[in-house]
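Participant:
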Amino acid sequence: MLMKPTNLPFITMMVLGSMISISANSWFPIWLGLEMNIMGFIPLIVNKSNIFSIEASLKYFLVQAISSSILLLSSIQNNFFLFPTELINMSLLIKLGAAPFHFWVPSIAGSISWSNLGLFLTWQKLAPMMILTINMTTSIMMMTSLILSLMFGPIGGLSQTNMKKMLAFSSIAHMGWVITTIMMSFNLVALYFVIYSTNLLMVISMMKNFQISSLNNSTMLSKKSKIMLYSMMLNMGGMPPLLGFFPKLMTLTLLIKMNMILLCLPLLTSAIINLFFYLRLTYLALVLMIKKKNVFMYNYNTYKIKKTNYKPSSIYSNYI
């Protein structure tokens, strides 16, 4: 659906807009590039056969319009605002879906296709993240957003059985880690985001191919497919010694070297809770698979017993 010829102009506009924003050296072309990116992405979301996707596109447009208005006003009218940098950061945090501006993210994620979800949780975050890296200042707003993202993301994911919404809450939790790496090193930001995006797109690709929308659907997979899927999900959760664990380890190591040990506590707590709901999914899938196998064996053995009991009775009836 995403690679249809009719979608090519919108994909081109979306990619070009992000590139303009990342390479620009003044606020107006940054804003213009972000708007091009939004205008290219919204038509991709809309699916006439799915009314929820139309609602999601409208919600996405309104949220992005508000954040773009804040960005444009704060960048042009610097003299009229007491804290222009804070307003710019706030507009970028809204675009990234970081807490406490995250409430629109799960509802949109649950209403769009798997292909669009991959773009929504990866490419659409690239330009705002790079701009935030350039404009980054350690402030109360950034620290608050960091802590709240680490808190709301894992807690929200615990109550989800819908895979799309679960990945959205996981993305919110990862934004806490991204903001942390932004405050420390550009190279670490790039490494973390590339590994996270790669893992996420692999998970989404599998879920799209096997048409998995909830935990119940995953029980129908073959044993090999289940191992692959849940290994990738544990990788996203940062399970050692998988690849997703090492960027988090590097982040914590760098924080300790910078004497920011207190920040390690919320990061570790969030990582453990985030990993827990991935482990819970893996455990439930394995339990359901074992139960299904046991039920099959029970039915088969019951059938054999009944068949065995039937033979003598039929022979005896012939003598009568």
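Heads up: the sequence shown runs through residues 46 to 365, numbered per our numbering.
Positions of the beta carbon are idealized from the N, C-alpha and C atoms, including for glycine.
These numbers come from a predicted model, not from an experiment.
1) In this structure, does DSSP put N52 in helix, strand or coil?
2) Measure the beta-carbon distance from K49 to W159 and round it to whole angstroms, keeping in mind my assumption that it falls under 8 Å.
3) Once you ignore the five residues that flank V377 on each side, which residues in its own chain have a CB closer than 8 Å to its CB?
4) Tell me the rounded alpha-carbon separation between Y323 and I121.
5) From M187 to I272, what distance separates their C-alpha atoms?
6) Tell me which residues share the same chain as A213 and place their Cβ nearer than 6 Å to its Cβ, disregarding the 5 neighbours each side in the sequence.
7) Assuming Y237 contacts P292 (C-beta within less than 8 Å), just tell me the rounded distance between them.
8) Got a sec? Which residues, its chain only, sit under 6 Å from L308 by beta carbon, not counting five neighbours each side?
9) Which partner residues does S259 have in the DSSP bridge list?
10) Along the chain, where does the alpha helix (DSSP H) that runs through I157 open and close?
11) Have a look at I217, M81, F197, N95 and flag the residue whose alpha-carbon is nearest the alpha-carbon of V60.
12) How far does the alpha helix (DSSP H) with V108 in it extend, from its first residue to its last?
13) Less than 7 Å between C-beta atoms, sequence neighbours within five positions excluded: which residues of the same chain meet that for L79?
14) Is there a Cβ of chain D sitting closer than 9 Å to that of I157, yes or no?
15) Which residues mark the beginning and the end of the alpha helix (DSSP H) in which T298 is found?
16) Return the CA-CA distance between P54 and Q109, expressed in angstroms with no decimal places.
17) Pick helix, strand or coil for M64, following the three-state DSSP scheme.
18) Between M281 and G289, which are expected to be in contact by the criterion C-beta below 8 Å, what is the C-beta distance as a whole number of angstroms?
19) Rounded to a whole number of angstroms, what is the C-alpha to C-alpha distance between H147 and S270?
20) Our contact map puts W76 next to L118 with C-beta atoms below 8 Å; I'd like the distance itself, whole angstroms only.
21) With H, G and I counted as helix, E and B as strand and the rest as coil, what does DSSP make of G163?
22) Alpha carbon to alpha carbon, how far is I200 from M229?
23) Please look up how many angstroms separate the CB atoms of N319 and S215, rounded, as I've assumed it's under 8 Å.
24) Given a threshold of 16 other Cβ atoms within 10 Å of its Cβ, counted over all protein chains shown, does V239 qualify as buried or as exposed?
25) Between I139 and Y105, is the Cβ-Cβ spacing less than 9 Å?
26) Would DSSP call M180 helix, strand or coil?
27) With distances taken Cα to Cα, identify the nearest neighbour of L246 among I90, M305, L166.
28) With a threshold of 16 other CB atoms inside 10 Å of the CB of Q256, please say whether the residue is buried or exposed.
29) Going straight from the alpha carbon of F125 to that of P145, what length do you get?
30) Give me, in chain order, the residues of the same chain whose beta-carbon lies closer than 7 Å to that of M181; leave out the 5 immediate sequence neighbours on both sides.
31) Let me know the secondary structure DSSP gives F148 once reduced to three states.
32) Measuring straight from C-alpha to C-alpha, what distance separates E131 and L164?
33) Taking the straight line between their C-alpha atoms, what separation do you get for L297 and R325?
34) May I ask which residues mark the beginning and end of the alpha helix (DSSP H) holding N280?
Facilitator: Taking the geometry as given:
1) N52 carries a helical assignment under DSSP once its states are collapsed to helix, strand and coil.
2) The pair is not a contact, with the Cβ atoms about 15 Å apart (cut-off 8 Å).
3) Because residue 377 is not part of the residues shown, which for the chain are 46 to 365, the question remains open.
4) Distance between Y323 and I121, taken at the CA atoms: about 44 Å.
5) In a straight line, the C-alpha of M187 is about 38 Å away from that of I272.
6) Here the set comprises V150, P151, A154.
7) Indeed, because the Cβ distance is near 4 Å, the residues count as touching under 8 Å.
8) The answer, listed in chain order, is L300.
9) DSSP lists N207 as partners of S259.
10) That residue, I157, is in no alpha helix (DSSP H); it is neither H nor E in DSSP.
11) Closest in C-alpha terms to V60, from the list I217, M81, F197, N95, comes M81.
12) 96 to 121 is the extent of the alpha helix (DSSP H) around V108.
13) Cβ-Cβ distances below 7 Å link L79 to G62, S66, S113, A172 in the same chain, with the five nearest sequence neighbours on each side left out; the list follows chain order.
14) Absence of chain D from the displayed structure is noted, only one protein chain being present.
15) T298 -> alpha helix (DSSP H) spans 290 to 302.
16) Each residue's alpha carbon lies about 21 Å from the other.
17) In the structure shown, M64 falls within a helical segment according to DSSP collapsed to helix, strand and coil.
18) Indeed they touch by this definition, with Cβ atoms about 6 Å apart.
19) Rounded to whole angstroms, H147 to S270 spans 32 Å at the Cα level.
20) Actually they are not in contact, since the Cβ atoms of W76 and L118 sit about 10 Å apart, beyond 8 Å.
21) Three-state result, G163: helix.
22) If I take the Cα positions, the gap works out to 26 Å.
23) A Cβ-Cβ separation of about 6 Å places N319 in contact with S215 under the 8 Å criterion.
24) Exposed: under 16 other Cβ atoms inside 10 Å.
25) Taking the C-beta atoms as reference points, Y105 is found no nearer than 9 Å to I139.
26) Here the sequence assigns Asn to residue 180, which means Met is not the residue at that position. DSSP places N180 in coil when its eight states are reduced to three.
27) Here the closest residue by C-alpha is L166.
28) Q256 is exposed by the Cβ-count criterion.
29) The predicted model places F125 with a pLDDT of 49, which falls under 50 and marks its position as unreliable, so this point remains unresolved.
30) I227, M228, listed in sequence order.
31) Correct three-state label for F148: coil.
32) One C-alpha to the other measures close to 27 Å.
33) Answer to the nearest angstrom: the Cα atoms are 25 Å apart.
34) Start and end: 268 to 282.
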